[in-house]
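Each residue of the sequence shown is one higher than the last, beginning at 5 in our numbering.
For every residue, glycine included, the Cβ atom is placed at its ideal position computed from N, Cα and C.
To start, the structure under review is shown below, and the notes come after it.
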Amino acid sequence: MTETLLLRITLAIILLSHSIIGMFDNGINDFGNLYLNQIGFAPFGVFLAWSIKLSHVIAAILLLLNKYIKWAGFVTIFVLIMGIILVHFQEGWFVVGGGRNGMEYNFLLIVVFLAVMYPDGFTGSKKIEHG
């Protein structure tokens with residue numbers, strides 16, 4: 005699937021950059037303790053936060069290796085949809101500009117994941133071009 009290489013690399017960079025930093029600056033623990041536990045996931049907030057971020061790291065590695073793309077995509081899309089429901093929807097659409105912390109970024113990532121998972125569309129058949 006070399007036609008999805010650029011998208012896979014881009015998704016991997018985004019997933020890694022949003023995960024690795026939090027592993028070293030206590031951001032993941034803060035997200036678990038200060039957010040997830042507070043909205044009803046106590047006492048599992050930190051565990052869930054680490055599970056989310058580790059799933060992103062694993063998905064990034066799988067994207068780079070071009071292995072188990074649909075599996076990585078389904079898990080990550082589920083996480084992104086839950087992020088929309090639990091965090092971003094209440095903030096509106098825009099991440100910046102017309103709002104703050106909205107859902108547009110997650111929406112874009114979901115669409116890019118779907119494009120990588122289904123490069124030939126949802127029908128699974130390659131298009132034949134007539135010259």
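Beta-carbon proximity of residue i to residue j, cut-off 8 Å
{"i": "A64", "j": "A16", "result": "yes"}
{"i": "M121", "j": "G77", "result": "yes"}
{"i": "G44", "j": "G36", "result": "no"}
{"i": "T8", "j": "P123", "result": "yes"}
Cβ-based neighbour list, residue i, same chain, cut-off 8 Å, excluding 5 preceding and 5 following
{"i": "W97", "result": "G103, G106, M107 and E108"}
Whole-number beta carbon distance between residue j and residue i, since they are thought to touch under 8 Å
{"i": "L110", "j": "L84", "result": "One detail in the question is off: residue 110 reads as Asn in this sequence, not Leu. That belief holds up - the Cβ atoms of N110 and L84 are roughly 5 Å apart, short of 8 Å."}
{"i": "G26", "j": "I32", "result": "4 Å"}
{"i": "K57", "j": "S23", "result": "4 Å"}
{"i": "L52", "j": "L40", "result": "5 Å"}
{"i": "S59", "j": "V79", "result": "5 Å"}
Proximal residues to residue i (C-beta, below 6 Å), its chain only, five neighbours per side dropped
{"i": "L113", "result": "L84"}
{"i": "L66", "result": "Y72 and A76"}
Boundaries of the alpha helix (DSSP H) in which residue i is found, first to last residue
{"i": "N138", "result": "No information on residue 138 is available, as it lies outside the stretch 5 to 135 that the chain covers here."}
{"i": "L113", "result": "E108 to M121"}
{"i": "W75", "result": "I73 to G87"}
{"i": "W54", "result": "G49 to L69"}
{"i": "G26", "result": "L9 to F28"}
Residues near residue i by beta carbon distance below 7 Å, same chain, minus five either side
{"i": "I81", "result": "I114 and F117"}
Test: residue i CB closer than 8 Å to a CB of chain D
{"i": "I17", "result": "Judged by its chain identifiers, the structure shown contains no chain D, having just a single protein chain."}
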